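Using the working numbering, you'd call the opening residue of the sequence shown number 10 and step up by one each time. All C-beta atoms, glycine included, are put in the ideal place defined by N, C-alpha and C. No experiment lies behind these values; they were computed from the predicted model shown.
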Amino acid sequence: MTNIKRDKKPSDPCGVVQSSTDDGAKTDGVVIDCKIDELYYGTFKAVRDTAVPVNRNKITAFIGPSGCGKSTVLRCINRMNDLVRGFRFKGHVHFRGKDIYHPSVDPVAVRRYIGMVFQQPNPFAMSIYNNVAFGLRLNRYRGSVRDKVEEALTRAVLWEEVKDKLNKSGLSLSGGQQQRLCIARAIATQPEVLLMDEPASALDPIATMKVEELIRQLRRDYTIIIVTHNMQQASRVSDKTAFLYLGRLIEFNDTDQLFTRPREKQTEDYISGRFG
Ligand SMILES: Nc1ncnc2c1ncn2[C@@H]1O[C@H](COP(=O)(O)OP(=O)(O)OP(=O)(O)O)[C@@H](O)[C@H]1O
Ligand SMILES: [Mg+2]
10 MTNIKRDKKP
20 SDPCGVVQSS
30 TDDGAKTDGV
40 VIDCKIDELY
50 YGTFKAVRDT
60 AVPVNRNKIT
70 AFIGPSGCGK
80 STVLRCINRM
90 NDLVRGFRFK
100 GHVHFRGKDI
110 YHPSVDPVAV
120 RRYIGMVFQQ
130 PNPFAMSIYN
140 NVAFGLRLNR
150 YRGSVRDKVE
160 EALTRAVLWE
170 EVKDKLNKSG
180 LSLSGGQQQR
190 LCIARAIATQ
200 PEVLLMDEPA
210 SALDPIATMK
220 VEELIRQLRR
230 DYTIIIVTHN
240 MQQASRVSDK
250 TAFLYLGRLI
260 EFNDTDQLFT
270 RPREKQTEDY
280 ISGRFG
């Protein structure tokens, strides 16, 4: 099993990551290359003609009106759609140059490298400590679990608020604290990529600001993809933005440029509030 330590390159028992000089030079800093030609749920074509290259240590935002396919594309990136009956797609998702849909790749191993934070904070019904320790134990982490729990909670900017009540239930925290706990849980096992599907939409404005600040801080160590309905949020936190509309990528660009000088008329209409 993987003993995850940041200073060591993780071992790769399930073949998710190439063993040699797999990143950087060859891929121009692109850690995830996601190309969806056609994606179906049963007979319904939900996404088509969408290619998003995701850069290492950058924050990439997916924006677009409800139902345009943001969550669908996000879930493709760590094979969460595999759990949906009738899901199939034509295209590829490469993580560090390797096809994560190759039959030899274990989807559970993919999710160890590419973690996810959901819209509704979903702490497990267990203590704050055990919420964060959970993945470490699952991965048979051999170092000090206590230290790792503190480190993850500190990085999630929650440690000061919970250090005296680690044995209290994770469910006893406020919504914003629960979301930071879920982020601590996701980063404890040190994935490389974090997928966040509207991580602040269930939170009040102050909790939202804290989560946004945390996301910006995490960029130093992680590659982040965030789905958001909130265009101000996308422009505040992200480096790159992908605008999707009716199941298709319309524009992918530097965030500044997309919001100030969009190339496409549909992007301009959307960001200026003319639809959606
Ligand atoms: N499990 C599923 N089974 C069948 N259809 C689905 C499923 N999940 C999503 N869809 C459909 O795929 C399309 C894209 O949905 P998706 O959830 O990706 O949109 P979204 O952009 O995330 O929307 P929202 O902003 O409302 O969350 C929609 O038409 C939706 O109804
Ligand atoms: Mg969604």
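Thinking residue i and residue j are a contact (beta carbons under 8 Å), I'd like their distance in whole angstroms, please.
i      : j      : result
Phe104 : Val236 : Actually they do not touch by this definition, with Cβ atoms about 18 Å apart.
Cys77  : Leu255 : 6 Å
Leu223 : Ile86  : Not really, about 21 Å apart at Cβ, beyond 8 Å.
Gly184 : Ala161 : Not really, about 19 Å apart at Cβ, beyond 8 Å.
Gly100 : Ile45  : 4 Å
Gln242 : Glu221 : 6 Å
Just the Cα atoms here: how many angstroms apart are residue i and residue j?
i      : j      : result
Leu167 : Arg229 : 18 Å
Arg65  : Met89  : 21 Å
Val61  : Arg120 : 19 Å
Ala34  : Pro200 : Residue placement at Ala34 is flagged as unreliable, the pLDDT there being 39, under the threshold of 50; a coordinate-derived value is accordingly withheld.
Asp108 : Val114 : 8 Å
Ile280 : Met240 : 7 Å
Ile68  : Arg94  : 30 Å
Ser181 : Val117 : 29 Å
Ala142 : Arg245 : 31 Å
Leu48  : Lys54  : 6 Å
Ser247 : Thr264 : 6 Å
Phe252 : Arg283 : 15 Å
Is residue i near ligand 2, judged by its Cβ being under 7 Å from some heavy atom?
i      : result
Ser281 : no
Ser80  : yes
Val236 : yes
Ala173 : For clarity, residue 173 is Asp in the given sequence; the question names Ala instead. Every heavy atom of ligand 2 is 7 Å or more from the Cβ of Asp173, so no.
Asp263 : no
I'd like to check one pair, residue j with residue i: are the Cβ atoms closer than 8 Å?
i      : j      : result
Ser5   : Ala134 : A question about residue 5 goes unanswered here, because the residues of the chain that appear run from 10 up to 285.
Phe261 : Lys274 : no
Arg57  : Arg257 : yes
Leu92  : Asp206 : no
Leu190 : Asn148 : no
Pro208 : Gln266 : no
Val126 : Thr232 : no
Val171 : Ile123 : no
Arg164 : Ile196 : yes
Leu175 : Lys157 : no
Ends of the alpha helix (DSSP H) at residue i?
i      : result
Glu170 : Trp168 to Val171
Met218 : Pro214 to Leu227
Lys54  : Careful: Lys54 lies outside any alpha helix (DSSP H), inside the beta strand (DSSP E) at Phe53 to Asn64.
Ends of the beta strand (DSSP E) at residue i?
i      : result
Lys157 : Element bounds for Lys157: not the beta strand (DSSP E) but the alpha helix (DSSP H), Val154 to Arg164.
Thr69  : Ile68 to Ile72
Lys249 : Lys249 to Tyr254
Tyr50  : Val39 to Tyr50
Glu260 : Arg257 to Asp263
Leu203 : Val202 to Asp206
Please find out if some non-hydrogen atom of ligand 1 comes closer than 7 Å to the beta-carbon of residue i.
i      : result
Gly100 : no
Ala251 : no
Cys43  : no
Val93  : yes
Ala55  : yes
Tyr50  : yes
Cys77  : yes
Gly124 : no
Gly184 : no
Gly144 : no
Gly152 : no
Gly179 : no
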